[in-house]
Structures are given as structure tokens and as C-alpha cells.
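Before any comments, here is the structure.
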Amino acid sequence: MLVVHGGGATLTGAYGTLPVSADAVAILPPGEHGLSLASGGLALVLATDRPDLPVSAAINAGEPDDGRIAPTGVPYARAEPLRRPWISLIADIAPPAGNPRLRFLQSATMSINLVAYDGPRGKTALSPHKHADIQQGTLAIAGDYVHHLRTPWGKDANQWIADVHLPAAPGTLLLIPPELIHTTEGVGDTRHVLIDIFAPVRRDFRDKGWIANAGDYAPPPS
């Protein structure tokens with residue numbers, strides 16, 4: 341997937357040349373792509389597989405594997421092959437009923453939650469939760485945030501960990517491991533834009549009807 345923020349871009353590939361507006365998202369077919377950005381633009385490339393890069397290129401390559409994290413698994417199958425980029429303005433993606441801050445999309449191997457709103461997120465409307473087998477990435481694009489993090493208590497109080505309230509500026513990425521209770525609060529009166537990143541695809545989001553393009557993909561057998 342490709343997310344463009346703050347300025348437009350141009351994509352090139354076997355499909356020709358395509359414009360990408362500011363504040364848009366694209367799902368790219370397999371193959372090589374060229375990208376040029378307009379002044380002030382920011383491009384984010386999200387992928388579960390980068391054969392052009394060694395695993396050692398990851399900034400957290402030295403960390404041990406977490407056996408709780410579910411593998412990406414078998415990709416979802418598209419109803420029709422993707423022969424050229426699918427491009428949409430983020431604002432044109434239908435939000436789930438009752439929550440206009442959120443836009444959900446998926447590809448064959450991942451899903452994202454595009455979050456955008458003006459002003460602070462009210463302290464009375466936060467959503468602390470945890471995942472059993474998911475590692476979530478939360479990437480701040482615009483606005484300032486506080487990530488509220490809580491490690492669940494076990495029987496041994498000597499191992500309890502105090503809650504963390506972590507400030508996060510634009511350009512920061514938080515990796516949230518399984519079982520960590522978390523919620524993110526946008527602070528300040530500015531525009532807030534962030535992306536929650538998941539792999540594999542969040543089947544629970546599909547089941548709730550939240551993923552706007554879920555009809556383009558068939559899930560693998562359970």
C-alpha cells in the first residue's frame with residue numbers, strides 16, 4: 341500500500357503514469373513502481389514483503405521473535421487481478437457507521453486503519469483494548485499524541501509494571517505487542533492523522549463490515 345500526505349505524487353510502472361492526489365491511498369499490484377513527490381509531499385510505503393531489502397535492514401532486526409504473534413499466513417485472493425494501482429482519496433473511503441474518524445482498507449496480506457480528525461480526542465472517548473496474537477504498528481503522520489499503555493497484572497506483584505503515558509510526535513512509530521492494553525489520545529487543537537497497521541488482515545474488522553474494500557478480496561480457508 342502507498343499513503344500520500346500533504347502533497348501530490350506521480351506513480352509510474354508497466355501501467356503507465358498515474359497522478360496521486362494529496363491525502364490519498366493506493367493499493368499497488370506486484371512489480372516495480374516509480375514514485376515522484378510534489379513539494380511538501382510525504383509518501384509512506386507499507387508492505388509485508390520486500391524482497392529488494394534484506395531482513396537486516398529493519399531497525400528492529402536484532403529483536404527476538406515473539407511467538408505470540410500470528411504469521412501473515414495465506415494471502416487473501418482478489419476477486420479480480422489488480423493490473424494497475426487502485427487509488428482513492430482518503431476522504432472518499434466510507435467510514436464505519438457512527439465513527440467518521442476511521443477509514444479501513446485491506447490488501448491481500450495486511451489491513452490499515454486510517455485515522456483523521458481535528459482537535460483533541462476527548463478523554464471521555466478513549467478505547468483501551470488489547471490483542472491476543474496481533475502486533476500493531478501505529479504511525480503518527482500529523483498532530484501530537486499520547487500513547488497510554490498498560491501491562492496486565494499477573495499474580496506476582498513484584499513483576500507489575502507501571503502504566504506508561506508516552507508522548508508521540510509526527511513521524512514516530514509505536515509497535516504494540518500482543519496483550520499490551522493500549523489507546524492513543526490526540527492532543528492539541530491541530531489536525532491529527534495516523535495509521536494503525538496490521539498483518540495479517542484483521543478478520544474481525546471484516547466480519548464487522550468495517551473494511552471498505554473487503555468485497556474485493558476473498559479470505560483464505562479458516
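Under the working numbering, the first residue of the sequence shown carries the number 341, and numbering increases by one thereafter. For each residue, glycine too, the CB sits at the ideal point set by N, CA and C. All of these numbers come straight from a predicted model, not from anything done at the bench.
Residue i versus residue j: straight-line alpha-carbon distance, rounded
| i | j | result |
| --- | --- | --- |
| Gly438 | Ala465 | 13 Å |
| His469 | Ser562 | 25 Å |
| Ile430 | His345 | 10 Å |
| Ser396 | Gly347 | 31 Å |
| Arg461 | Glu525 | 6 Å |
| Gly483 | Gly407 | 33 Å |
| Pro510 | Ile535 | 11 Å |
| Val343 | Trp493 | 37 Å |
| Thr523 | Val414 | 29 Å |
| Gln476 | Ser379 | 31 Å |
| Leu358 | Ala497 | 58 Å |
Classification of residue i by the beta-carbon crowding that lies within 10 angstroms, buried from 16 upward
| i | result |
| --- | --- |
| Gln499 | exposed |
| Arg531 | exposed |
| Thr478 | buried |
| Asn400 | exposed |
| Val360 | buried |
| Pro540 | buried |
| Leu351 | buried |
| Leu368 | buried |
| Arg390 | exposed |
| Val533 | buried |
Nearest candidate by alpha-carbon position, reference residue i, set the options
| i | options | result |
| --- | --- | --- |
| Ala472 | Ala482, Glu519, Lys548, Arg546 | Glu519 |
| Val365 | Thr524, Asn553, Pro559 | Asn553 |
| Thr412 | Asp363, Ile474, Leu445, Leu454 | Ile474 |
| Ala456 | Ala354, Ser379, Val527, Glu403 | Val527 |
Backbone secondary structure at residue i - three-state DSSP
| i | result |
| --- | --- |
| Ile430 | helix |
| Val343 | strand |
| Gln499 | helix |
| Asp544 | helix |
| Val365 | strand |
| Asp556 | helix |
| Ser376 | strand |
Looking at C-beta atoms only, is the number of pairs between the region 479-493 and the region 504-519 that lie closer than 8 Å three or more? Segments in contact, yes.
Is the number of C-beta pairs between the region 432-451 and the region 540-552 that are closer than 8 Å three or more? The answer is yes - the region 540-552 touches the region 432-451, with three or more Cβ pairs under 8 Å.
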